[in-house]
Structures are given as C-alpha cells and as structure tokens.
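Asker: Here's a structure for you.
Here it is in structure tokens:
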C-alpha cells in the first residue's frame, strides 16, 4: 500500500515537473509590466482625465519609462487623437421598449518622436460590450453601463500599452 502511494506521488511530481518544463520551454510568461523602448514619454491628455490618469499609472509600472509633462523634454509623445463613447439600441421588446444596448468606445492614438516623426502611425482601437436593459432597474443598469465603460477603457489602455511595448527603434 505505501509503495503504491509513493509511486503515485512520484508520478504526480514528475508530471508537474514535466508541465513546468514545457511551459518554460515554449516561452510562456505571466503578463506583467513590459519595458518600453524610450526613457521619457509625454502623454497628450490631461492627468486629471480618467484615461490620462490610467495611462500615466500604466507607464509608471513599466519601470523603464518616466512620464514628463513638458513635451519638449520627452523622447516620445503619445497623442490621443480621439476618445469616443457611444450607446446604441441593439433590440426592442414587442411593445417598443429597449431590451438591449450596445456600448462602444473608440480610441485613436499615435506615437511620435521629439522631431515629429511617427513611431506608431494613427491607430484605431475599438471595444464593444452589450447589456440587457430593464426599466424597473434603471439605477442598477446605469451603474452596470458605467462599469462596462470602465472595463472597455481598461482593455483599450492595455492594448495601447502592448502597442507601445512592441515598438522597437529602427536599426
């Protein structure tokens, strides 16, 4: 009985070791802050705007880049060309009341160097979410909409950060 238990523990241990070796060998890495290719960055949106604050926080966690407020001192400038939020009716009930909404957030940005040369050309990012609406729970559905917009914005900021991290200087 104890021999069988030891064999089972040995098999489980070697299976775990093999799985971790496979994950390490394939280049798997937990998502985390990624280094950016420039030391200083100017973000062209107010630090008091929700999007500006989130972007500044994400850049600060990269560990390699400092956000500067003076665009002339920055190695790169992130320009937010547009940030739009929309809500449209997706479906109606038989009595003509709204059943579902579709929320959309679009961000258009570009990255330029201190000489005005494009490092990342104007890029459009889009996030969509749908939710059901209920006239009897207007306050709750309003809060749900706010949470969905916050989630979309977080997703779009993550996409921007991945694009910034993927940029490599031309040789």
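In the UniProt record's numbering, the protein residues as written are 1 to 171. We treat Cβ as the ideally placed atom computed from N, Cα and C, and that holds for glycine.
#1: State the Cα-Cα distance for the pair residue 92 and residue 100, rounded to the nearest angstrom.
#2: Measure the alpha-carbon distance for residue 74 versus residue 84 and round it to whole angstroms.
#3: Among the residues of its own chain, which have a CB less than 6 Å from the CB of residue 127, if the five just before and after it don't count?
#4: Enumerate in chain order the residues of its own chain whose CB-to-CB distance from residue 71 is below 7 Å, with the five nearest sequence positions on each side excluded.
#5: Assess, as a yes-or-no matter, whether the stretch 1-20 is touched by the stretch 119-136 under the definition of 3 or more beta carbon pairs within less than 8 Å.
#6: I'd like to confirm the pairing. Which residues does DSSP put opposite residue 108 in its beta bridges?
#7: Could you tell me the boundaries of the beta strand (DSSP E) in which residue 45 lies?
Answerer: Short version:
#1: 7 Å
#2: 26 Å
#3: 105, 152, 155, 156
#4: 42, 77
#5: no
#6: 82, 124
#7: Element bounds for residue 45: n/a, residue is neither H nor E.
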